[in-house]
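K.L.:
Let me give you the structure first, and then I'll get to my questions.
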Ligand SMILES: [Fe+2]
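Quick look at the structure:
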């Protein structure tokens, strides 16, 4: 790699870090300003659970916060009332909590997973649902449980764990599915560079109706435009103009 290429790569990495931190700050801000009287967990408990998960896998650290924030933006765009949005933000934060039950050799594996390993990884959905369903109050935990269990379902029925089709996938899980996939695509991994935000949105649009709920993708696309995530065509450079 030439000096100039190295410099460009360094700039790209710093911009990605800046983006991550900006999103983390906003996610924390949203949590802190939302005081809930009937939620079973304090913010600290949720953040500790998520931190426990993030500390298992440094490459996905921050993933839960970003997915929760994107999910919150989408829910607001789709007209979910603010009180419900606050609960949903917490539910989305815990979407991958079942990964606590996935062994390191699979969770941290850099190569692709074989069939048996994939099945273990996929079980994080039911493990998460089991953990969350035990929490009180039961009624309030239904949403978080459904999000954990069904956020890997696909509209065409090819997802897991139950291969649900279309509207049979709970609404909030359909939102998290979009936010989750977008973050996975746009984050650097040890073995692959993340795509730009623009490319990430393009991929979501390409998979509308098969993988993702078209209404949710449309909402996310317009949120990203409104929030003025500006992406250059040549790199993943972006900037956000705060309103
Ligand atoms: Fe997941």
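Residue numbers (our numbering): 21 to 263.
For every residue, glycine included, the Cβ atom is placed at its ideal position computed from N, Cα and C.
Taking three-plus beta-carbon pairs below 8 Å as touching, is the segment 93-101 in contact with the segment 232-243?
P.N.:
yes
K.L.:
Taking the continuous alpha helix (DSSP H) assigned at residue 49, which residues delimit it?
P.N.:
Element bounds for residue 49: 23-53.
K.L.:
Indicate, with yes or no, if ligand 1 has a heavy atom lying under 7 Å from the CB of residue 200.
P.N.:
yes
K.L.:
Below 8 Å between beta carbons: does that hold for residue 196 and residue 70?
P.N.:
no
K.L.:
So, does the segment 229-236 touch the segment 117-131, judging by three or more C-beta pairs under 8 Å?
P.N.:
Counting Cβ pairs under 8 Å, fewer than three are found: no touch.
K.L.:
What first and last residue would you give for the alpha helix (DSSP H) that runs through residue 243?
P.N.:
234-246
K.L.:
Measure from the alpha carbon of residue 172 to the alpha carbon of each residue in 137, 77, 231, then state which is nearest.
P.N.:
231
K.L.:
Can you say whether residue 170 is buried or exposed, counting buried as having 16 or more other CB atoms within 10 angstroms of its CB?
P.N.:
buried
K.L.:
Three or more beta-carbon pairs under 8 Å between the segment 106-118 and the segment 149-167, yes or no?
P.N.:
Output reads yes: the segment 149-167 touches the segment 106-118.
K.L.:
When you compare only the Cα positions, how much space is there between residue 52 and residue 161?
P.N.:
Straight-line Cα distance between these residues: approximately 20 Å.
K.L.:
Let me confirm a value: residue 224 is counted as buried when at least 16 other C-beta atoms fall within 10 Å, else exposed. Which label applies?
P.N.:
Looking at its Cβ environment, which holds 16 or more other Cβ atoms inside 10 Å, residue 224 is buried.
K.L.:
For the candidate residues 192, 193, 221, 190, whose alpha-carbon lies nearest to that of residue 204?
P.N.:
221
K.L.:
Between the beta-carbon of residue 72 and the beta-carbon of residue 120, is there less than 8 Å?
P.N.:
yes
K.L.:
Tell me residue 212's beta-bridge partners as DSSP assigns them.
P.N.:
209
K.L.:
Kindly list the residues whose CB is nearer than 8 Å to the CB of residue 262, restricted to its own chain and excluding five residues on each side of it in sequence; keep chain order.
P.N.:
Here the model assigns residue 262 a pLDDT of 37, short of 50, so the residue's position is not dependable, and the following value carries that caveat. Cβ within range, chain order: n/a, list empty.
K.L.:
Taking the alpha-carbon positions, what's the residue 66 to residue 75 distance?
P.N.:
Approximately 14 Å, taken between the alpha carbons.
K.L.:
If you draw a straight line from the alpha carbon of residue 250 to that of residue 217, how long is it in whole angstroms?
P.N.:
Residue placement at residue 250 is poorly supported in this model, since its pLDDT is 46, which falls under 50; the coordinates are not used for a value here.
K.L.:
Is the beta carbon of residue 145 sitting closer than 8 Å to the one on residue 118?
P.N.:
yes
K.L.:
State yes or no: is the C-beta of residue 44 within less than 8 Å of the C-beta of residue 85?
P.N.:
yes
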